[in-house]
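Working notes, beginning with the structure itself.
Residue numbers (the UniProt record's numbering): 1 to 150.
Next comes the structure, spelled out in C-alpha coordinates:
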(Lines of atoms letter the chains of each structure in order from A; the text may use other names.)
(Lines give C-alpha, C1' and ligand atoms only; values in the text may rest on other atoms or scores of the structure.)
Protein backbone atom coordinates (compact mmCIF):
# COMPACT_ATOMS: atom_id res chain seq x y z
CA UNK A 1 0.00 0.00 0.00
CA UNK A 2 1.14 3.53 -0.70
CA UNK A 3 0.96 6.06 2.12
CA UNK A 4 0.47 9.56 0.72
CA UNK A 5 0.65 11.36 4.06
CA UNK A 6 3.79 13.51 4.45
CA UNK A 7 6.55 12.01 6.56
CA UNK A 8 7.95 13.85 9.56
CA UNK A 9 11.77 13.72 9.25
CA UNK A 10 12.36 14.05 12.99
CA UNK A 11 9.69 11.68 14.17
CA UNK A 12 6.16 12.45 15.28
CA UNK A 13 5.24 15.88 16.61
CA UNK A 14 3.56 14.26 19.58
CA UNK A 15 5.88 11.55 20.92
CA UNK A 16 4.09 10.97 24.26
CA UNK A 17 0.76 10.59 22.50
CA UNK A 18 2.37 8.24 19.96
CA UNK A 19 3.69 6.08 22.78
CA UNK A 20 0.23 6.00 24.37
CA UNK A 21 -1.25 4.80 21.07
CA UNK A 22 1.44 2.09 20.85
CA UNK A 23 0.65 1.04 24.45
CA UNK A 24 -3.04 0.77 23.61
CA UNK A 25 -2.37 -1.31 20.48
CA UNK A 26 0.04 -3.61 22.36
CA UNK A 27 -2.54 -4.23 25.08
CA UNK A 28 -5.83 -4.29 23.23
CA UNK A 29 -5.24 -4.28 19.46
CA UNK A 30 -5.98 -1.52 16.95
CA UNK A 31 -9.72 -1.98 16.41
CA UNK A 32 -10.70 0.70 18.95
CA UNK A 33 -8.78 3.34 16.99
CA UNK A 34 -11.33 3.48 14.16
CA UNK A 35 -14.95 4.58 14.24
CA UNK A 36 -17.53 6.02 11.88
CA UNK A 37 -19.02 9.49 11.85
CA UNK A 38 -22.37 8.01 12.87
CA UNK A 39 -20.80 6.26 15.88
CA UNK A 40 -19.03 9.31 17.33
CA UNK A 41 -20.20 10.15 20.83
CA UNK A 42 -22.16 13.27 21.61
CA UNK A 43 -20.34 15.89 23.68
CA UNK A 44 -22.16 14.65 26.80
CA UNK A 45 -21.16 11.03 26.08
CA UNK A 46 -17.56 12.08 25.38
CA UNK A 47 -17.45 13.96 28.69
CA UNK A 48 -18.65 10.81 30.49
CA UNK A 49 -16.00 8.65 28.80
CA UNK A 50 -13.32 11.24 29.65
CA UNK A 51 -14.43 11.32 33.29
CA UNK A 52 -14.33 7.51 33.35
CA UNK A 53 -10.73 7.54 32.10
CA UNK A 54 -9.26 10.57 33.84
CA UNK A 55 -11.60 11.61 36.67
CA UNK A 56 -9.42 9.96 39.31
CA UNK A 57 -6.24 11.73 38.14
CA UNK A 58 -5.17 15.08 39.60
CA UNK A 59 -5.18 18.04 37.22
CA UNK A 60 -1.88 19.69 36.33
CA UNK A 61 -1.29 23.16 34.87
CA UNK A 62 1.67 21.84 32.85
CA UNK A 63 0.26 18.68 31.29
CA UNK A 64 -2.78 17.21 29.57
CA UNK A 65 -3.96 13.64 29.89
CA UNK A 66 -4.11 11.76 26.59
CA UNK A 67 -6.70 9.01 26.28
CA UNK A 68 -6.52 6.30 23.67
CA UNK A 69 -8.82 5.82 21.94
CA UNK A 70 -10.21 9.36 22.11
CA UNK A 71 -13.26 9.86 24.35
CA UNK A 72 -15.36 10.62 21.28
CA UNK A 73 -14.69 7.08 19.96
CA UNK A 74 -15.30 5.02 23.13
CA UNK A 75 -18.50 3.46 24.38
CA UNK A 76 -19.21 2.59 28.05
CA UNK A 77 -16.92 -0.20 29.19
CA UNK A 78 -14.48 0.09 26.27
CA UNK A 79 -10.83 -0.41 27.17
CA UNK A 80 -8.47 2.58 27.12
CA UNK A 81 -5.03 3.83 28.14
CA UNK A 82 -4.08 7.21 29.57
CA UNK A 83 -0.79 9.08 29.70
CA UNK A 84 0.29 12.56 30.78
CA UNK A 85 1.49 14.61 27.82
CA UNK A 86 2.83 18.15 27.40
CA UNK A 87 0.04 20.72 26.93
CA UNK A 88 1.26 21.57 23.42
CA UNK A 89 0.83 17.93 22.37
CA UNK A 90 -2.72 17.90 23.70
CA UNK A 91 -3.62 21.10 21.88
CA UNK A 92 -2.09 19.84 18.63
CA UNK A 93 -3.92 16.52 18.87
CA UNK A 94 -7.24 18.24 19.57
CA UNK A 95 -6.81 20.27 16.39
CA UNK A 96 -5.93 17.28 14.27
CA UNK A 97 -8.81 15.17 15.55
CA UNK A 98 -11.20 18.08 15.15
CA UNK A 99 -10.05 18.53 11.56
CA UNK A 100 -10.57 14.84 10.78
CA UNK A 101 -14.07 14.91 12.27
CA UNK A 102 -14.92 18.04 10.26
CA UNK A 103 -13.71 16.39 7.04
CA UNK A 104 -15.84 13.34 7.80
CA UNK A 105 -18.84 15.59 8.56
CA UNK A 106 -18.33 17.41 5.25
CA UNK A 107 -18.98 14.12 3.44
CA UNK A 108 -22.46 13.94 4.97
CA UNK A 109 -22.00 10.17 5.17
CA UNK A 110 -22.60 8.65 8.64
CA UNK A 111 -20.51 5.68 7.46
CA UNK A 112 -17.43 7.84 6.82
CA UNK A 113 -14.60 6.32 8.82
CA UNK A 114 -12.36 8.23 11.22
CA UNK A 115 -9.20 6.48 12.29
CA UNK A 116 -6.43 7.27 14.74
CA UNK A 117 -2.84 6.20 14.01
CA UNK A 118 0.84 7.15 13.83
CA UNK A 119 2.32 8.44 10.58
CA UNK A 120 4.78 5.97 9.10
CA UNK A 121 3.81 3.11 11.42
CA UNK A 122 1.67 0.14 10.51
CA UNK A 123 -0.54 -0.45 13.53
CA UNK A 124 -1.82 -3.87 12.53
CA UNK A 125 -2.71 -3.13 8.94
CA UNK A 126 -3.88 0.48 8.92
CA UNK A 127 -5.44 1.35 5.55
CA UNK A 128 -4.24 4.32 3.55
CA UNK A 129 -6.24 7.03 1.85
CA UNK A 130 -5.26 5.62 -1.54
CA UNK A 131 -7.11 2.39 -0.87
CA UNK A 132 -9.87 3.71 1.38
CA UNK A 133 -10.94 7.20 0.25
CA UNK A 134 -13.86 7.32 2.72
CA UNK A 135 -11.52 7.25 5.72
CA UNK A 136 -10.92 10.51 7.54
CA UNK A 137 -7.60 10.08 9.29
CA UNK A 138 -7.96 12.07 12.43
CA UNK A 139 -5.02 12.59 14.83
CA UNK A 140 -1.62 13.62 13.82
CA UNK A 141 0.86 11.92 13.98
CA UNK A 142 -2.01 9.75 14.22
CA UNK A 143 -5.39 10.19 12.48
CA UNK A 144 -6.82 9.54 8.98
CA UNK A 145 -10.16 12.79 4.78
CA UNK A 146 -7.97 11.66 4.58
CA UNK A 147 -5.53 11.11 7.14
CA UNK A 148 -5.37 12.00 10.69
CA UNK A 149 -2.01 10.45 10.91
CA UNK A 150 0.89 12.54 12.08
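The C-beta atom is built at its ideal place from N, Cα and C for all residues, glycine as well.
First through last residue of the beta strand (DSSP E) which encompasses residue i
i, result
"residue 85", "81-86"
"residue 115", "113-115"
Boundaries (first-last residue) of the alpha helix (DSSP H) holding residue i
i, result
"residue 67", "Per DSSP, residue 67 belongs to no alpha helix (DSSP H); it is in the beta strand (DSSP E), 63-68."
"residue 54", "43-54"
Between the CA atoms of residue j and residue i - distance to the nearest angstrom
i, j, result
"residue 66", "residue 93", "9 angstroms"
"residue 100", "residue 42", "16 angstroms"
"residue 86", "residue 63", "5 angstroms"
"residue 116", "residue 96", "10 angstroms"
"residue 39", "residue 105", "12 angstroms"
"residue 54", "residue 108", "32 angstroms"
"residue 89", "residue 61", "14 angstroms"
"residue 118", "residue 25", "11 angstroms"
"residue 21", "residue 37", "21 angstroms"
"residue 46", "residue 102", "16 angstroms"
"residue 18", "residue 120", "11 angstroms"
"residue 77", "residue 111", "23 angstroms"
"residue 79", "residue 58", "21 angstroms"
"residue 28", "residue 48", "21 angstroms"
"residue 52", "residue 91", "21 angstroms"
"residue 44", "residue 56", "18 angstroms"
Test item: CB-CB of residue i and residue j under 7 angstroms
i, j, result
"residue 23", "residue 81", "yes"
"residue 30", "residue 50", "no"
"residue 16", "residue 74", "no"
"residue 69", "residue 98", "no"
"residue 228", "residue 114", "For the chain, the structure presents residues 1 to 150; residue 228 sits outside this window and is missing."
Per DSSP, cross-strand counterpart(s) of residue i
i, result
"residue 17", "Looking at the DSSP assignment, residue 17 forms no beta bridge with any residue, so it has no partner."
"residue 35", "114"
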